[in-house]
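Asker: Structure incoming, see below.
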Amino acid sequence: MMSDEKSIDKEKAREERLRRDAERFRENISIPRPGTKAPVDVPVLERHGIELSDVLYVPTSTLVANPLNDYPPLAAPEMAELVTDIKEKGILVPLISRPDGVIVCGHNRHRAALTAGLERVPVQRILSPLTDDLEREIMKSENDRRRGGNWSRAEKEKFIRENFGEAIAEDRRGGDHGNQYTGGKSSLNFRQSETLAKSIEKKSKGRIPEGTAKRLVAKIRKEAPVTATVPKLTEKERKRGEKLALQLKTIRQTRAMLEKKLATTKEEESRIVKELKTIGQPELFLKTLNAGADS
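With UniProt numbering, the residue at position 277 of the sequence shown is 277, and numbering never jumps.
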């Protein structure tokens, strides 16, 4: 009787385990897997601000200047720098345009792209309804942000020198300023330059955009004089250097004394030869002198 009861309990326990395993299996297969078409409730996101299209690569020649744009083009030196930058890296920030191809933001980048010979440029179209006032407002806010408001080029350089001059000078000296990219002594590489430019944009509150910051940093670094770092000496090297310096000083003093004595001796020799000439037939006396020296 006891064995029958034990068998029943075991069977019940087994059925309970199977029931729990089945429940876990059903819960597991109800979770959508990547690539499956299981319906998923996605919250509807409310759009904020101006709606833009995805980035499109359109022919450069199809874009036209905006008649509402009152901002002057970049000065020749800055435009030349922008053209060079675009030739090397392309256009990193898409232009903004109306659906009909009229540029809202990016007139200078468009001019530089034409000069650089780019056939296509990245563009985002404004999909929201636009009024002339809203269009002017977008142009003003973007131009002020990218050009640094009323900051001149000299003011931007001054800001960078005052706030980041030490970092730039450290790079010029080749000092030990390793970071998460380099890990030790290294010249400022591309990633570091990107990080520095982003830091400048952040600290200037967007008045100096990243692209402008990179160009100005390159200019400042090129103009800055290179200052060699003085290696740190050990105590043993320092003492040996001092000892050698004293020896060198003594040698130079001795050489100067001997050179002075030699100059005096040459003058005396020249005076005696002149006196012999006044007596007449100086060769005779010199011959006698040489004969005495040989004996």
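We put the beta carbon where it would ideally sit given N, CA and C, even for glycine. Owing to the predicted nature of the structure, the values given are computational and were not obtained by experimental measurement.
#1: Using the Cα positions of Asn66 and Lys205, report the straight-line distance between them to the nearest angstrom.
#2: Between the C-alpha atoms of Leu92 and Asn108, what's the straight-line distance to the nearest angstrom?
#3: Looking at C-beta atoms only, is the number of pairs between the segment 59-74 and the segment 95-113 that lie closer than 8 Å three or more?
#4: State the Cα-Cα distance for the pair Glu242 and Thr250, rounded to the nearest angstrom.
#5: Provide the residue(s) that pair with Ile103 in DSSP beta bridges, ordered along the chain.
#6: When DSSP builds the beta bridges, which residues end up paired with Leu52?
#7: What is the DSSP secondary structure of Arg252, counted as helix, strand or coil?
#8: Is Glu59 helix, strand or coil by DSSP?
#9: Report back the beta-carbon spacing between Ala167 and Leu196 to the nearest angstrom; my notes put them in contact at under 8 Å.
#10: Can you tell me the Cα-Cα spacing of Lys156 and Arg125, whole angstroms?
#11: Can you give me the Cβ contacts of Leu52 inside the same chain, cut-off strictly under 8 Å, excluding the 5 residues immediately before and after it?
#12: Taking Asp70 as part of the alpha helix (DSSP H), name the residues at either end of that continuous run.
#13: Do you know how far the Cα of Glu23 is from the Cα of Glu11?
Answerer: Considering the structure as presented:
#1: When rounded, the separation of the alpha-carbon atoms in Asn66 and Lys205 is 27 Å.
#2: Distance between the alpha carbons of Leu92 and Asn108 is about 13 Å.
#3: Of all C-beta pairs linking the segment 59-74 to the segment 95-113, three or more are shorter than 8 Å, placing the two stretches in contact.
#4: One C-alpha to the other measures close to 13 Å.
#5: According to DSSP, Ile103 bridges with Ser97.
#6: Leu52 pairs with Ile126.
#7: Helix at Arg252.
#8: Note that residue 59 is Pro in the sequence shown, not Glu. DSSP places Pro59 in strand when its eight states are reduced to three.
#9: The pair is a contact, with the Cβ atoms about 7 Å apart (cut-off 8 Å).
#10: Cα to Cα, Lys156 sits roughly 31 Å from Arg125.
#11: For Leu52, where only same-chain residues beyond five positions count, the Cβ hits under 8 Å are Ile96, Gln124, Arg125, Ile126 and Leu127.
#12: Per DSSP, Asp70 belongs to no alpha helix (DSSP H) and is neither H nor E.
#13: Near 18 Å, if we compare the C-alpha coordinates of Glu23 and Glu11.
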